[in-house]
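Chemist:
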Amino acid sequence: MRDLPDDDDWTPDRLKVIGERVRAERRRQGLTQDQVWQAARVDRRTVQNVESGREMKVGTLLRIAWVLEVSLADLVT
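At position 2 of the sequence shown the residue is numbered 2 (full-length UniProt numbering), and the sequence of numbers has no breaks.
(1) Figure out for me which residue from G30, V22 and R28 has the closest Cα to the Cα of R63.
(2) If distances are taken between C-alpha atoms only, which option among M1, R2, L4 and A24 comes closest to S76?
(3) Roughly how many whole angstroms lie between the Cα atoms of D43 and D9?
(4) Please report how far the alpha carbon of Q38 lies from the alpha carbon of I18, in whole angstroms.
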């Protein structure tokens, strides 16, 4: 087990990677952001925020993963 760093400087980079994975999978499937946010029943801005690596909720990622038919682990690991 490793200790958490003293600051949160590492989290923006991690969120960006997750967002890039969501975007890449969406594009791989030929889907638009509009199609994803409508199917996931989230706000358009929410999908934009996820793909740009801003703060995201696990529940939102679960909805997006469901719509994209991938596991949450595929997006976050």
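Backbone N, C-alpha and C fix where the C-beta goes; we use that ideal spot for every residue, glycine too. Nothing here was measured: the structure is a model prediction, and the numbers come from that model.
Modeler: Well, looking at it:
(1) V22
(2) Per the sequence shown, the amino acid found at residue 76 is Val instead of Ser. Per the Cα distances, A24.
(3) Taking C-alpha positions only, D43 is separated from D9 by approximately 28 Å.
(4) 20 Å
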